[in-house]
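Here is the structure we will look at, set down as structure tokens.
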Amino acid sequence: RCLVMHSFVSVKWQNHGNCVRLVPKDFILGPLVEGLNDPVHHKDF
Numbered sequence: 001r002c003l004v005m006h007s008f009v010s011v012k013w014q015n016h017g018n019c020v021r022l023v024p025k026d027f028i029l030g031p032l033v034e035g036l037n038d039p040v041h042h043k044d045f
């Protein structure tokens, strides 16, 4: 879980120009965080 979050957060988004707009804020604050905290789907965590 930590590695997934680190890989996503460590991206230098300013280097990707308009690609930043492809990842909506609602996704980051919703499904991404919920998925990382879901012990049923991520039993190893």
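Using the UniProt record's numbering, the letters of the sequence shown correspond one by one to residues 1 to 45. Built from N, CA and C at the ideal position, the CB exists for glycine as well.
Taking the CA atoms as reference points, D26 sits about 12 Å from E34. In the DSSP assignment, C2 falls within the unbroken alpha helix (DSSP H) covering C2 to V9. The C-alpha of H6 lies about 12 Å from the C-alpha of L32. P24 carries a coil assignment under DSSP once its states are collapsed to helix, strand and coil. Note that the C-beta distance between V4 and L36 is below 8 Å.
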